[in-house]
Amino acid sequence: MMSSKHSPSRPADSLVVRLKALIDERKLLAGMRLPAERQLAAELGVSRSSLREAIQQLISVGMLISRRGDGTRLREPIVPWTDLNIVEPLRQLIEDDPDYRYDILEARHAIEASTAWYAALRATEADKQQLKYAFDATLKLKDSDDPALAAQADVRFHLAIAVASHNLVLLQTMRGFFELMQSTVLQSRQRMYSQPQIFSQLTDQHQALLQAILDGDAEAARQAAMSHLGFVHDTMKTLHEDEARQQRLMRLPGHALKQHKEDEK
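If you want the numbering used here, it's the 1-based position in the sequence shown plus 49.
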């Protein structure tokens, strides 16, 4: 009698192992296409539905990539953007003049309009599940006392869209941008998530963007991304201007004395 502690492995799990072995045996390299689904199912002696499940598992872990009309290929390994030293000149530029962060925000309009477009066309079921999880994570942090966590969840949602675009250059560009922006705009992003009215608008925008991708509507996804980033750009600029205004007030003659008298009351 089989112990209840040892449940039989799922057919798709063992098929994943066989599929990996076939890839190794044929010495398939990154970018090379797997045999057609019908042919591969016949070679492995399995149903096409079982094969699809196994392929989906390998897609979800980043080993394979599947595109309509292009079949299934081995995915190119993702090289960390920082290893390429491409962001360093921009990092120094921002350190010298923080206002260049707005240049990055403007560049995001073009980049994320593209990632949203391609995600709507190319997102797999695994990609769509990850997008839903990432969006749900932003909702769970709505009542969080730590707006930094909400800001990080926002970043993960946008990166999930870039992953679903299945375009390595766009994905790495996005990662580089968020890394650069981490130190320069994190405080403002946290302030955005500490204000209920702004949070509600961001949530509505994220939901519209998510739904367009799930529906496969590329144009609606592009427009949703542009609208969302326009709102983020304007809101962050307003927050920065308010901060600068407050700092100027602090430097006005008599302000320190007035503040001291109010503190004594």
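C-beta: ideal position from N, C-alpha, C; glycine also.
Practice item. Establish whether the CB of Gly-265 and some CB of chain C are separated by less than 8 Å. Key: Chain labels in this structure do not include chain C; a single protein chain is all it has.
Review point. Can you round the beta-carbon distance between Thr-187 and Thr-252 to whole angstroms, since I take them to be within the 8 Å contact cut?
Key: In the sequence shown, the residue the question calls residue 187 occupies position 138. In the sequence shown, the residue the question calls residue 252 occupies position 203. Yes, Thr-187 and Thr-252 are in contact; Cβ-Cβ is about 7 Å, under 8 Å.
Exercise for review: Measure from the alpha carbon of Gly-80 to the alpha carbon of each residue in Ala-269, Thr-287, Leu-217 and Ala-172, then state which is nearest.
Suggested key: Counting from one through the sequence shown, the residue named residue 80 turns up at place 31. Considering only alpha carbons, the answer is Leu-217.
Review point. Residue range of the beta strand (DSSP E) that Glu-115 falls in?
Key: Position 66 of the sequence shown, counting from 1, holds the residue named residue 115. It is Ser, not Glu, that sits at residue 115 in the sequence shown. Note, Ser-115: beta strand (DSSP E), 113-116.
**Study point:** Delimiting residues of the alpha helix (DSSP H) encompassing Leu-93
**Key:** Against the sequence shown, residue 93 aligns to sequence position 44. Residues 86-93.
Point to revise | For Leu-83, the three-state DSSP class (helix, strand or coil) | key: In the sequence shown, the residue the question calls residue 83 occupies position 34. Residue state, collapsed to three classes: coil.
Review point. Residue range of the beta strand (DSSP E) that Ala-252 falls in?
Key: Locating residue 252 in the sequence shown gives position 203, where the first residue counts as 1. For the record, residue 252 in the displayed sequence is Thr; it is not Ala. Note, Thr-252: premise wrong, no beta strand (DSSP E); alpha helix (DSSP H) at 245-263.
**Study point:** Backbone secondary structure at Arg-122 - three-state DSSP
**Key:** Here residue 122 is taken as the residue at index 73 of the sequence shown, counted from 1. In the structure shown, Arg-122 sits in a strand (DSSP, three-state: E or B).
Point to revise | Terminal residues of the alpha helix (DSSP H) in which Leu-180 lies | key: Locating residue 180 in the sequence shown gives position 131, counting from the first residue. That run of the alpha helix (DSSP H) goes 174-189.
Practice item. Go ahead and label Thr-287 buried or exposed: buried means 16 or more other beta carbons lie within 10 angstroms of its beta carbon, across all protein chains shown. Key: As a first step, residue 287 must be located in the sequence shown, where it is residue number 238. With fewer than 16 other Cβ atoms within 10 Å, it is exposed.
Check your understanding: Taking the C-alpha atoms as reference points, what is the distance between Ala-200 and Glu-161?
Key -> The sequence position of residue 200 within the sequence shown is 151, counting from 1. The sequence position of residue 161 within the sequence shown is 112, counting from 1. About 17 Å.
**Study point:** Cβ distance (whole Å) where Arg-82 is taken to contact Gly-120 below 8 Å
**Key:** Start at 1 with the first residue of the sequence shown, and residue 82 comes out as number 33. Start at 1 with the first residue of the sequence shown, and residue 120 comes out as number 71. Indeed, because the Cβ distance is near 5 Å, the residues count as touching under 8 Å.
Review point. What's the call for Arg-224, buried or exposed, on a 16-neighbour Cβ count within 10 Å?
Key: Locating residue 224 in the sequence shown gives position 175, counting from the first residue. Buried, because 16 or more other Cβ atoms sit within 10 Å of the Cβ of Arg-224.
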